[in-house]
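Chains as they are written, first to last, in this note's numbering: chain A, 883 to 1201; chain B, 31 to 133; chain C, 323 to 687; chain D, 83 to 326.
Worksheet: the structure to be examined is printed underneath.
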Amino acid sequence: MTNPAQTQAANLSNQSQLPDADWYEAYARDRVAGLLDPDTFVEFIGPEQRVMSPHLAQFDLTGAFDDGVVVGRGRLDGQKVFIAAQQGWFLGGAFGEVHGAKVLGLLRAARDSAGKDGPRAVLLLLDTGGVRLQEANAGELAISEIIGAILEVRNAGVPVLALVGGRAGAFGGGGIITACCSRIIVSKHARVSVTGPEVIETNKGVEEFDSKDRALVWRVCGARTRYLTGGADRYVKGTIKDFREAAIALIPHAPPFELATLKAEQKRLADRLQQFGDCRDATEIWRKAGLSEPERIADIADDAFLAIARPKGADHDAR
Amino acid sequence: MEQFQVRGAAKERARGSRLEAITGVNASGNLEVLVERVLPDRECLVEVATAVTGFREIWEAVIQEFFERSSPGGLRFSINDGGARPDTVTLRLMQSARLMEAE
Amino acid sequence: MNEIVDKVPRVDIPGDQVDFIVEAGKPFYVEPLFTRDPASVTENQILMGMTAIKGIYAEYGVKRLNHGIGFPTAAIELLLPTYGEQLGLKGKIATHWALNPHPTLIPAIESGWVEQIHCFGSEVGMDDYMIARSDVYFTGHDGTLRSNRLMCQTAGLYACDMFIGSTLQIDLAGNSSTVTPGRIAGFGGAPNMGSDAHGRRHPTAAWLKAGREASDGPKELSRGRKLVVQILETFGEKNKPNFVETLDSVAMAKELNFELAPIMIYGDDVTHIVTEEGIANLLLCRSAAEREQAIRGVAGFTDVGRKRDRKAVEALRQRGVIRRPEDLGIDALAANRQLLAARSIEDLVTWSGDLYRPPSKFRNW
Amino acid sequence: MTLDEVLASLFPSGHAVERGRSGMLHGSGKVDGQGDVTIVGIAGGTPLGVDGAILLADRVLAAVEAGGRAPIVVLVDTASQNMARRDELLGLNEYLAHLAKSLALAAACGHRTASILYGPAAAGAFIAAALSSRSLVALPGAQPSVMDLPSISRVTKLPLEDLKKLAKTTPIFAPGVEPLFAIGAVTEIWAASEPLALRLSALLGKPAADGDARDRIGLERKGRLLAQKIAERVAAEAAANAGK
């Protein structure tokens, strides 16, 4: 009787509980409030402005007052940051025209104000299935624009962090956006991927990918696999505070966007193909990487998982 | 999809001084409610956009009872609904009214 | 059978009762029927759970009980170590259970709420946990559950002071059924759990209190009553009302020429109905008309609920027949998922000391 | 157009293009007025997977490292990203991002980048190979898409016929060159009858817009009416709040 689509969001009326709340369950606004220093968040184009998607009505869908993304500025450990948080509950957090343009505008503002008085970092709280099919072209293009803008922000010397741990994960263009950021923070529930398991199953058959085998889904796309192979930089336990602490720690250690970084990434990704290119399951990768008890890694508790020494190369500046 | 308004009279002005609040989310079986303190003290209004048609009568009953119980004078509620059940609608309306009680 | 072997580790069904054997060649798929994902528990189910704990469990001091498999009772299981603890009810309620191995009861067990559980059958993924908690679960010498179905049915009928479970439809007399158009579901042990055994003679405080509420006769001669509680939201999936004038099972019985309409629990056995609107205590009703208004009075915005006689319902509320959450001192807005002892399957695994192994379909990691 | 036709008409003054592993192309060509340009690409409708993306990125980064400002032309005839468990397991998102980053770095280092679409390109492959250059040209045979209509129909539960009708009234969701041109994703559409070499020379000779102008173009073409205004509104609110 469980249905992931019906998973309930926590409605947190008590703001002081926020830092200890589960990232996975929290609404986008609660994640923002709990992540930043208390009462420092200022929203841009707030919900009262009702800047909503004009494209959903023709699909017989109601919209959201913020089109599923909250953008604004605030302070993190006293430092200025810009922040965008997707609402994974609304249409799977997918990128549409308005949604995408809000994130794009935020990134451009960060780029244009980079410097002494500008933001110290941009935080992207991704929770998305990718493109919103009802406005697929606008969503796809927005993703490309956002990728370009992230790289411009990085080029201007401002780190961009991806924080992923929501129910929708970071799929499709959201997965590509994640990997364009300077640093990536994930929690246990995160899935970072391009093609969703259901889509692979529909196109290639259940033998290729049984999307109902949820343990397999997480071994292929999940946080532990990404973290152990260098697809994510930090693996945190699930509270909002855990994400906050990791973000604070990572901002000073963001790799620059330059040729040396990309050459290192080229080598890193080529090495991965050479080492693990014939693997079909994460347990095979973990075995090859010399980790002990690879078949248990997906099941152990977070503390035990964090005690594992990551394979060589998984901790890197090549992003 | 269906859109409509339900107006009501309130016995008194809603407590607190907060000007706006938002709660819930437009998802399957859920709804988001945006509340704004923009009306005269004795008036209240709920604007509904719902994905599910044919339940207007129940919506009106739910909202009128909410007006009676909470007396949210001066408040305008705007709803984006993803097919929530009446109990969830009542809960979200009450939650949003409670948020406005903050000073 | 999955496999034919020379010697089985234990005997559940003696060989002389078996006429045919088919080796399936692959493991038999067992549906995890009793597993409810805490992630799907709603705020209103939490509110109903709080209402039930305070207005029924605490009110009657219910210690021996059986739970159905719905989400509202799963919410109650998850509220015991939190909300129940806040109310100081540990050790005073819900200590002895006739219950399948519900994973959602793990936090209460680990918090020391539960003294004993007799299970009808087993549940996928719970084996290692039950072996480790043989102090609570009634297991055999090899650590596994015995097949206790018959004993549990008897215990449910005679020994339990309360059955509480969900249903899909309930009528104005309190009859309930899980048959709805297009969906014919069985009702497992509910008819047995959810009926008052007139042969019972051993008293408990809960049983006696329920009996006295139902009786106007001399106290010394009033018998006890089993608490039979239906807990349900006023609307079900796709906004279908759960309260109806006539059960769909009546029409179905006519259509299929059944001699008996499939009723899960008959109205005269039901003692309480709990919805998000509050509790209707049918024990305190003295006429069919009163029962009807008590039921309408908790039926929310369904047609049945909106056709209530408002004055009669208010009078019932004054008498305590109907109790709203606020009458019990419960703030509906305090019904928050943060109150759940576990909010995910993963939390249950943690509570179990990694002994509970959820089926893959429940994983999100 | 076939690959040979594309190469012949774009680079009549000469080209040397190798077809490598995984359907990947690399080499160089001569463009009048622009000198040698780097050519990379995907041919034959090959899905873009981890193996292909890493090869393409390698060539792009080599061009950046070589210095100079030689233009980079990306020829695109792919399906979508390779939909396979193995590719996802290995982190396809990182490989596609790496390709997008390499093309962005090249542009930032002064290389004129242009993707030339002469076949299909969908979803993630469309983002990484086609949309990551500063210009995107559609040749005859180009079939850009995010998601095909039957799939959109399945997800949105709207009948295919209704979607087809709807697609005539808005460029916002339907596949094809025209809608993607209207929203600003496709920079130019070239017809087979045109002198393609001249058009390429003109395109590469024109400096890329200062920054990403696709939202402005989408507005000018009336295909994407909101994006630019909203991005500007966010930036304006951010500026009004600056220093706080």
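Where a beta carbon is used, it is the ideal one built from N, C-alpha and C, also for glycine.
For clarity, every value in this text was computed on a predicted model and none was experimentally measured.
Note to self: Taking the beta carbon of D948 of chain A as the centre, do at least 16 other beta carbons fall within 10 Å, making it buried, or is it exposed?
What the structure shows: Translated into the one-based positions of the first sequence, residue 948 of chain A becomes position 66. Using a 10 angstroms sphere on the CB of D948 of chain A, the tally of other CB atoms reaches 16 or more, which defines it as buried.
Next item on the list: Would you verify that the beta carbon of T252 of chain D is, or is not, closer than 9 Å to some beta carbon of chain A?
Entry: In the fourth sequence, counting from the first residue as 1, residue 252 of chain D sits at position 170. Yes, its Cβ sits closer than 9 Å to a Cβ of chain A.
Notebook entry, point to check: Between F684 of chain C and A967 of chain A, what straight-line distance do the alpha-carbon atoms span, to the nearest angstrom?
Noted result: Counted from its first residue, the third sequence places residue 684 of chain C at position 362. Counted from its first residue, the first sequence places residue 967 of chain A at position 85. Approximately 27 Å, taken between the alpha carbons.
Note to self: Restricting to Cα atoms, I'd like to know which of A:R932, A:L938, A:D1124 and A:D919 is closest to R955 of chain A.
What the structure shows: The residue you call residue 955 of chain A lines up with position 73 of the first sequence. Nearest C-alpha to R955 of chain A: A:D919.
Check: So R1106 of chain A is in the alpha helix (DSSP H); what residue range does that whole segment cover?
Finding: Position 224 of the first sequence, counted from the start, is the residue given in the question as residue 1106 of chain A. From DSSP, the alpha helix (DSSP H) with R1106 of chain A extends over A1105 to T1111.
Margin query: Distance cutoff 9 Å, beta carbons only. Does R990 of chain A sit that close to anything in chain C?
Written below: The sequence position of residue 990 of chain A within the first sequence is 108, counting from 1. R990 of chain A does not count as touching chain C.
Note to self: Using a 10 Å radius around the Cβ and a threshold of 16 neighbouring Cβ atoms, would you call A98 of chain D buried or exposed?
What the structure shows: Residue numbering aside, residue 98 of chain D sits at position 16 when the fourth sequence is read from its first letter. Exposed is the call here.
Checklist line | Contact with chain D by V914 of chain A, beta-carbon distance below 9 Å | finding: Numbered from 1 along the first sequence, position 32 holds the residue referred to as residue 914 of chain A. Judged by the 9 Å Cβ criterion, V914 of chain A is not in contact with chain D.
Check: When burial is assigned at 16 or more other CB atoms within 10 Å of the CB, is S1174 of chain A buried or exposed?
Finding: Residue mapping note: residue 1174 of chain A aligns to position 292 of the first sequence, counting from 1. Exposed: under 16 other Cβ atoms inside 10 Å.
Check: Could you give the distance in angstroms between the alpha-carbon of F93 of chain D and the alpha-carbon of L1008 of chain A?
Finding: Residue 93 of chain D sits at position 11 when you count from the first residue of the fourth sequence. Residue 1008 of chain A sits at position 126 when you count from the first residue of the first sequence. In this model, F93 of chain D and L1008 of chain A are separated by some 43 Å (Cα to Cα).
Notebook entry, point to check: Cβ of A502 of chain C less than 9 Å from any chain B Cβ?
Noted result: Locating residue 502 of chain C in the third sequence gives position 180, where the first residue counts as 1. In the sequence as displayed, the identity of residue 502 of chain C is Thr instead of Ala. It does not: the Cβ of T502 of chain C has no partner Cβ on chain B nearer than 9 Å.
Next item on the list: Would you give the residue range spanned by the beta strand (DSSP E) that V78 of chain B belongs to?
Entry: Residue mapping note: residue 78 of chain B aligns to position 48 of the second sequence, counting from 1. From DSSP, the beta strand (DSSP E) with V78 of chain B extends over E73 to T80.
Notebook entry, point to check: Is L1155 of chain A helix, strand or coil by DSSP?
Noted result: As a first step, residue 1155 of chain A must be located in the first sequence, where it is residue number 273. Helix.
Check: Hey, how far is the Cα of L308 of chain D from the Cα of V316 of chain D?
Finding: Start at 1 with the first residue of the fourth sequence, and residue 308 of chain D comes out as number 226. Start at 1 with the first residue of the fourth sequence, and residue 316 of chain D comes out as number 234. Going from the Cα of L308 of chain D to the Cα of V316 of chain D covers about 12 Å.
Notebook entry, point to check: Taking the alpha carbon of H524 of chain C as the point to measure from, which residue in C:K541, C:D483 and C:D590 has its own alpha carbon closest?
Noted result: Within the third sequence, residue 524 of chain C is the residue found at index 202, counting from 1. Measuring from the Cα of H524 of chain C, the nearest candidate turns out to be C:D483.
Check: Counting Cβ pairs closer than 8 Å, one from the segment 576-583 of chain C and one from the segment 618-636 of chain C, do we hit at least three?
Finding: Touching, no.
Next item on the list: Would you kindly work out how many angstroms separate the C-alpha atoms of G1048 of chain A and Y909 of chain A, rounded to a whole number?
Entry: Taking the first residue of the first sequence as position 1, residue 1048 of chain A is located at position 166. Taking the first residue of the first sequence as position 1, residue 909 of chain A is located at position 27. One C-alpha to the other measures close to 9 Å.
Note to self: Whole angstroms are fine: how far does the CA of S184 of chain D sit from the CA of E1140 of chain A?
What the structure shows: Taking the first sequence and counting its residues from 1, one reaches residue 1140 of chain A at position 258. Taking the fourth sequence and counting its residues from 1, one reaches residue 184 of chain D at position 102. Approximately 9 Å, taken between the alpha carbons.
Next item on the list: With a threshold of 16 other CB atoms inside 10 Å of the CB of E636 of chain C, please say whether the residue is buried or exposed.
Entry: Within the third sequence, residue 636 of chain C is the residue found at index 314, counting from 1. Under this definition E636 of chain C is an exposed residue.
Margin query: Please list, in chain order, the chain A residues whose beta carbon lies closer than 7 Å to that of D676 of chain C.
Written below: For the purposes of this step, residue 676 of chain C is taken as residue 354 along the third sequence, with counting starting at 1. Within chain A, the residues near D676 of chain C are A1183.
Checklist line | chain A within 9 Å of T269 of chain D, Cβ atoms only | finding: As a working note, residue 269 of chain D is residue 187 in the fourth sequence. With 9 Å as the cut-off, T269 of chain D does not count as an interface residue toward chain A.
Check: Going by Cα to Cα distance, which pick from A:D1160, A:K1194, A:R1150 and A:G997 is closest to P1041 of chain A?
Finding: For this step, residue 1041 of chain A is matched to residue 159 along the first sequence. The option with the nearest alpha carbon to P1041 of chain A is A:G997.
Margin query: Starting from W419 of chain C, trace the beta strand (DSSP E) in both directions and tell me its first and last residue.
Written below: As a working mapping, residue 419 of chain C is identified with position 97 in the third sequence. Here the beta strand (DSSP E) through W419 of chain C covers H418 to A420.
Next item on the list: Determine the chain B residues that contact G945 of chain A at a beta-carbon separation under 9 Å, and present them in chain order.
Entry: Residue mapping note: residue 945 of chain A aligns to position 63 of the first sequence, counting from 1. Here the neighbours are N56, A79 and N110.
Next item on the list: Flag this pair as yes or no: are the beta carbons of E42 of chain B and L105 of chain B separated by less than 9 Å?
Entry: Taking the first residue of the second sequence as 1, we reach residue 42 of chain B at position 12. Taking the first residue of the second sequence as 1, we reach residue 105 of chain B at position 75. Taking 9 Å as the Cβ cut-off, E42 of chain B and L105 of chain B do not qualify as a contacting pair.
Next item on the list: Quick one: grab the DSSP three-state call for G443 of chain C.
Entry: Counted from its first residue, the third sequence places residue 443 of chain C at position 121. It is coil, neither helix nor strand.
Check: Taking any Cβ of chain C, which residues in the segment 80-94 of chain B have a Cβ under 8 Å from it, in chain order?
Finding: V82, F85, I88, A91 and V92
Margin query: Can you check whether the C-beta of S1064 of chain A is within less than 9 Å of a C-beta belonging to chain D?
Written below: In the first sequence, residue 1064 of chain A corresponds to position 182, counting from 1. It does not: the Cβ of S1064 of chain A has no partner Cβ on chain D nearer than 9 Å.
Notebook entry, point to check: Once you ignore the five residues that flank A1052 of chain A on each side, which residues in its own chain have a CB closer than 8 Å to its CB?
Noted result: Position 170 of the first sequence, counted from the first residue, corresponds to residue 1052 of chain A. L1008, D1009, T1010, A1044, V1046, I1059, T1060, A1072, R1073, V1074 and S1075.
Checklist line | CA-to-CA distance, V566 of chain C to A656 of chain C, given in whole angstroms | finding: Within the third sequence, the letter at position 334 stands for residue 656 of chain C. Within the third sequence, the letter at position 244 stands for residue 566 of chain C. Going from the Cα of A656 of chain C to the Cα of V566 of chain C covers about 30 Å.
Notebook entry, point to check: Is the CB of E930 of chain A under 9 Å away from at least one CB in chain D?
Noted result: Taking the first residue of the first sequence as position 1, residue 930 of chain A is located at position 48. Output row for E930 of chain A: interface = no.
Check: Which residues in the same chain have their Cβ closer than 7 Å to the Cβ of L973 of chain A, if we skip the five residues on either side of it in sequence?
Finding: The sequence position of residue 973 of chain A within the first sequence is 91, counting from 1. Correct list, in chain order: G950 and R1014.
Next item on the list: Work out the CA separation of T120 of chain B and H463 of chain C for me, nearest whole Å.
Entry: Counting from 1 along the third sequence, the entry for residue 463 of chain C is found at position 141. Counting from 1 along the second sequence, the entry for residue 120 of chain B is found at position 90. Going from the Cα of H463 of chain C to the Cα of T120 of chain B covers about 52 Å.
Next item on the list: Identify whether R522 of chain C lies in helix, strand or coil by the three-state DSSP scheme.
Entry: Residue mapping note: residue 522 of chain C aligns to position 200 of the third sequence, counting from 1. Note: R522 of chain C maps to coil in three-state DSSP.
Notebook entry, point to check: A946 of chain A: which of A:M934, A:R993, A:P901 and A:A939 sits nearest, CA to CA?
Noted result: Your numbering for residue 946 of chain A matches position 64 in the first sequence. Closest option to A946 of chain A, Cα to Cα, is A:M934.
Check: Is the Cβ of K560 of chain C closer than 9 Å to any Cβ of chain B?
Finding: One-based indexing of the third sequence puts residue 560 of chain C at position 238. The C-beta of K560 of chain C comes closer than 9 Å to at least one C-beta of chain B.
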